[in-house]
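Q: Numbering (this note's numbering), first residue to last: 6 to 281.
Glycine included, C-beta positions come from ideal geometry on N, C-alpha and C.
Quick one: structure below, then a few questions.
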Amino acid sequence: MEYFTDLTWKESIKDIIDILIVTYIIYHLILLVRGTRAVQLLKGILVLVLIWALSTWFDLYTLKWLMNQIFTFGVVAIFIIFQPEVRRGLEQLGRGKLFGRSADMDEETNKLIGETIKAVNYLSRRKIGALIVFERTTGLNEFVESGIPMHSMISSELIINIFIPNTPLHDGAVIVQNGQIAAAGCYLPLSENPFISKELGTRHRAAIGISEVGDAISVVVSEETGQVSLAINGQVVRDIKEESLISKLYEELRPATPIKEKRSFFWKRKGDGENG
């Protein structure tokens with residue numbers, strides 16, 4: 006109480022600024038690890054902290070000693086375990102991307118969408134089936150791990166080569182994370198929605214299924230008709246036109262876009278019968 010009694014307005018402003026800066030840093034650190042394996046590791050660390058607090062509260066000597074030993078060596082272990090995230094954070098800090106939206110982030114989004122559209126147009130004209138999933142706020146690492154890791158810069162040529170028939174990776178999904186192709190040949194959960202058109206095959210059901218378990222966006226090319234579809238929020242727009250697809254992808258994938266209620270997509274009855 007004496008602290009608040011002796012507090013001057015200058016010290017109050019200083020403390021407020023101090024708290025805001027720390028909050029801002031913590032917020033961006035959370036954004037940095039969101040969607041990565043670091044999230045699960047942080048949950049484990051929180052469990053250890055809770056156990057340490059309980060051992061201290063109830064004065065459990067042996068357990069408290071054990072937790073102290075873990076924390077003593079844990080600092081080094083954290084840097085080893087989080088090495089990819091630490092490196093990525095330092096790289097972004099060096100490029101000026103960690104604490105704000107840099108000028109080239111829109112450029113990266115434009116390149117991502119542009120390369121995707123070029124690949125989709127090529128595949129659509131030749132009726133080559135494809136499924137491309139874009140991660141947003143909900144992490145997709147468990148599905149990335151089901152495929153073949155790539156961590157490659159996105160390009161239309163690479164996407165096309167992945168989905169060429171009778172190649173090892175063509176019969177799965179490509180997952181895009183942080184502007185890169187994280188993995189190919191990934192297995193996705195199939196939607197169990199009973200109202201989905203019977204004309205839709207496995208590929209479309211997987212696209213809808215991944216959009217039901219999170220906020221991912223999926224672009225699908227039918228191997229039967231060459232039609233392009235977009236799945237989002239558990240619904241699908243079939244035979245979407247190029248202009249509409251570009252507009253929606255840019256709206257959803259543009260960085261630093263505030264979370265808002267998304268427009269509802271409705272089912273279209275245009276035929277797209279396929280088996281994949």
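First and last residue of the beta strand (DSSP E) that includes Leu250?
A: Working through the sequence shown from its first residue, we reach residue 250 at position 245. Per DSSP, Leu250 belongs to no beta strand (DSSP E); it is in the alpha helix (DSSP H), Glu247 to Leu258.
Q: Looking at C-alpha atoms only, which residue of Arg259, Ser196 and Lys246 is the closest neighbour of Gln240?
A: By one-based count along the sequence shown, residue 240 stands at place 235. Among Arg259, Ser196 and Lys246, the Cα nearest to that of Gln240 belongs to Ser196.
Q: From Gln74 to Ile30, what does the alpha carbon distance come to, in whole angstroms?
A: Taking the first residue of the sequence shown as position 1, residue 74 is located at position 69. Taking the first residue of the sequence shown as position 1, residue 30 is located at position 25. Approximately 28 Å between the Cα atoms of the pair.
Q: In this structure, what does DSSP give as the bridge partners for Glu225?
A: On the sequence shown, position 220 is the one that residue 225 refers to. One point to set straight first is that residue 225 is Val, not Glu, in the sequence displayed. In DSSP, Val225 forms a bridge with Leu136 and Ser234.
Q: Compute the beta-carbon to beta-carbon distance between Ala189 and Ile167, rounded to the nearest angstrom, for a pair I have assumed lies under 8 Å.
A: Translated into positions along the sequence shown, residue 189 becomes position 184. Translated into positions along the sequence shown, residue 167 becomes position 162. Indeed they touch by this definition, with Cβ atoms about 5 Å apart.
Q: What does the Cβ neighbour count give for Thr13, buried or exposed, with the cut at 16 atoms within 10 Å?
A: On the sequence shown, residue 13 is found 8 positions in, with the first residue counted as 1. Burial call: exposed.
Q: Quick one: what's got a C-beta closer than 6 Å to Pro154's C-beta in the same chain, skipping five residues either side?
A: Locating residue 154 in the sequence shown gives position 149, where the first residue counts as 1. Result list for Pro154: Ala188, in chain order.
Q: Check the C-beta distance from Ala211 over to Glu140 and give it rounded, since I have them as a contact under 8 Å.
A: On the sequence shown, position 206 is the one that residue 211 refers to. On the sequence shown, position 135 is the one that residue 140 refers to. Wrong, their Cβ atoms sit about 15 Å apart, outside the cutoff.
Q: For Gly231 versus Lys123, is the C-beta spacing smaller than 8 Å?
A: Within the sequence shown, numbered from 1, the residue matching residue 231 stands at position 226. Within the sequence shown, numbered from 1, the residue matching residue 123 stands at position 118. Their beta carbons are not under 8 Å apart, which means Gly231 does not touch Lys123 by this criterion.
Q: Rank Val242, Asn198, Arg208 and Lys48 by C-alpha distance to the C-alpha of Cys191 and give the top, closest one.
A: Residue numbering aside, residue 191 sits at position 186 when the sequence shown is read from its first letter. When only C-alpha atoms are compared, the closest one is Arg208.
Q: Excluding the five sequence neighbours on either side, which residues of its own chain have a C-beta within less than 6 Å of the C-beta of Val181, listed in chain order?
A: Position 176 of the sequence shown, counting from 1, holds the residue named residue 181. These residues qualify, in order along the chain: Phe139.
Q: For Thr172, count neighbouring C-beta atoms within 10 Å of its own C-beta (all shown protein chains included) and say buried if the count is 16 or more, exposed if not.
A: Numbered from its first residue, the sequence shown carries residue 172 at position 167. It is exposed - the Cβ of Thr172 has fewer than 16 other Cβ atoms within 10 Å.
Q: Please report the straight-line C-alpha distance between Arg243 and Leu51, rounded to a whole angstrom.
A: Along the sequence shown, one-based indexing puts residue 243 at 238. Along the sequence shown, one-based indexing puts residue 51 at 46. Arg243 and Leu51: Cα-Cα distance of roughly 44 Å.
Q: Measuring straight from C-alpha to C-alpha, what distance separates Val218 and Glu16?
A: The count along the sequence shown starts at 1 and reaches residue 218 at position 213. The count along the sequence shown starts at 1 and reaches residue 16 at position 11. In a straight line, the C-alpha of Val218 is about 47 Å away from that of Glu16.
Q: Measure the alpha-carbon distance for Trp62 versus Gly79 and round it to whole angstroms.
A: Translated into the one-based positions of the sequence shown, residue 62 becomes position 57. Translated into the one-based positions of the sequence shown, residue 79 becomes position 74. Each residue's alpha carbon lies about 21 Å from the other.
Q: With distance defined between alpha-carbon atoms, name the residue in Asp23, Val233 and Arg259 nearest to Glu247.
A: Your numbering for residue 247 matches position 242 in the sequence shown. Per the Cα distances, Val233.
Q: Would you decide whether Gly152 is buried or exposed? Buried here means 16 or more other CB atoms lie within 10 Å of its CB.
A: Against the sequence shown, residue 152 aligns to sequence position 147. The residue in question, Gly152, is buried, as its Cβ has 16 or more Cβ neighbours within 10 Å.
Q: For Glu150, tell me which candidate among Ala178, Asp23 and Val125 has the shortest Cα-Cα distance.
A: Walking along the sequence shown from the start, residue 150 turns up at place 145. Out of Ala178, Asp23 and Val125, Ala178 has the C-alpha closest to the C-alpha of Glu150.
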